[in-house]
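This report refers to the structure that appears directly beneath it.
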Amino acid sequence: MADTRPFQASLIISFYNKPDILALVLQSVRNQSAESFEILIADDGSSEVSVEKLRKLIRDFPLPVRHIWHEDKGWRKNAILNKAAAAASSDYLIFIDGDCILHRHFVKEHLNHRKPGTVLTGRRVYLSPVATSLIIQSGTFKKIFSLPVVLRLFYDRYLNKSSAHLENALYLGNTFLRKFVNRKDRGVLGSNFSLYRNDLIKINGFDEQYTAPYVGEDTDLEYRLRLAGMRVKTLKHLAIQYHLFHQRQAKNLLNEAIFEKTKSEGRYYAEKGIAQYLDSSC
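Numbered per this note's numbering, the sequence shown spans residues 50 to 331.
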């Protein structure tokens, strides 16, 4: 049967109760140089107030947007990501977090380098608390590139260490130079990766045994993808994000135990994953 999926990619954005932050991210999505993609907001149980604000954000959005929501029963990010991936109209999936502003060519670079059996992963700049506040107060993602914010980021990076990886903001279109810089292997970053939908289905998607942040969204996923024969390719200096500051989640011992069990069993297929949401025709 001929492929009838209309979009080159489905951009899946994880979201929970921060519509003002998401508004900045969606501004950067609207600014993308690529055009043939849909957006799925993977909402892990936001409140009615947040959902209403979200609806206003996407009401007149120039790209197709769908809101995938489930009830708030604690952290179930992996489940909502599976539901969004199952609902996607495209054969190619790009995953980002709802607090990561995108470089203009972010989607284009993920599309340009896509290949079956390959997971693409970019990198991000970690914005400082002060720079993040300046951007949020301005109401526009373009504030990132203003002189006050740029100067503040350098100050925070080198004097108080509250911003990090500013070098990741460098966009390198030259293949030779990029390969010279990117000689180090990079792991999958949960806020910035893409793959073919069938490759995700092959490992039964995200493992829903994880019910807290840390490990399950990327480390576990990368391990199982590699075990299933996928390769990981870096898009550092191509697929660039700017991560708005928030407090980091603490390591979770239960998650580490789940991951160790998965490794000890040598298992790449999640016991509870995306299969439960797939139509029999998929």
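All residues carry an ideal CB built from backbone N, CA and C; glycine is no exception.
Which whole-angstrom value is the C-beta distance of A91 and I145, which I expect to be below 8 Å? Not confirmed; about 10 Å, so no contact.
S330 (DSSP reduced to helix, strand or coil): Bear in mind that the predicted position of S330 carries a pLDDT of just 42, short of 50, making it unreliable; the figure below should be weighed with that in mind. Three-state DSSP puts S330 in coil, outside helix and strand.
For E158, count neighbouring C-beta atoms within 10 Å of its own C-beta (all shown protein chains included) and say buried if the count is 16 or more, exposed if not. Burial call: buried.
On a CA-only basis, which of A261, S212, R173 is nearest K300? Give me that one, please. The shortest C-alpha separation from K300 is found at A261.
Return yes when the Cβ of D205 is within less than 9 Å of the Cβ of A180, no when it is not. yes
May I ask which residues mark the beginning and end of the alpha helix (DSSP H) holding Q296? It is not in any alpha helix (DSSP H) - Q296 carries neither H nor E in the DSSP assignment.
Between which two residues does the beta strand (DSSP E) harbouring N241 extend? Counting along the chain, the beta strand (DSSP E) containing N241 begins and ends at 241-245.
Can you list, in chain order, the stretches of the alpha helix (DSSP H) that have 4 or more residues and sit fully within the segment 212-266? 224-230, 246-251
Determine the DSSP secondary structure at D92, reduced to helix, strand or coil. strand
CA-CA distance, N80 and T311? If you take the alpha carbons of N80 and T311, they lie about 40 Å apart.
Which whole runs of the alpha helix (DSSP H) in the segment 85-157 are 4 residues long or more, in chain order? Counting whole runs of 4 or more residues, the segment 85-157 contains the alpha helix (DSSP H) stretches 97-107, 126-136.
Would you give the residue range spanned by the beta strand (DSSP E) that L60 belongs to? That run of the beta strand (DSSP E) goes 58-64.
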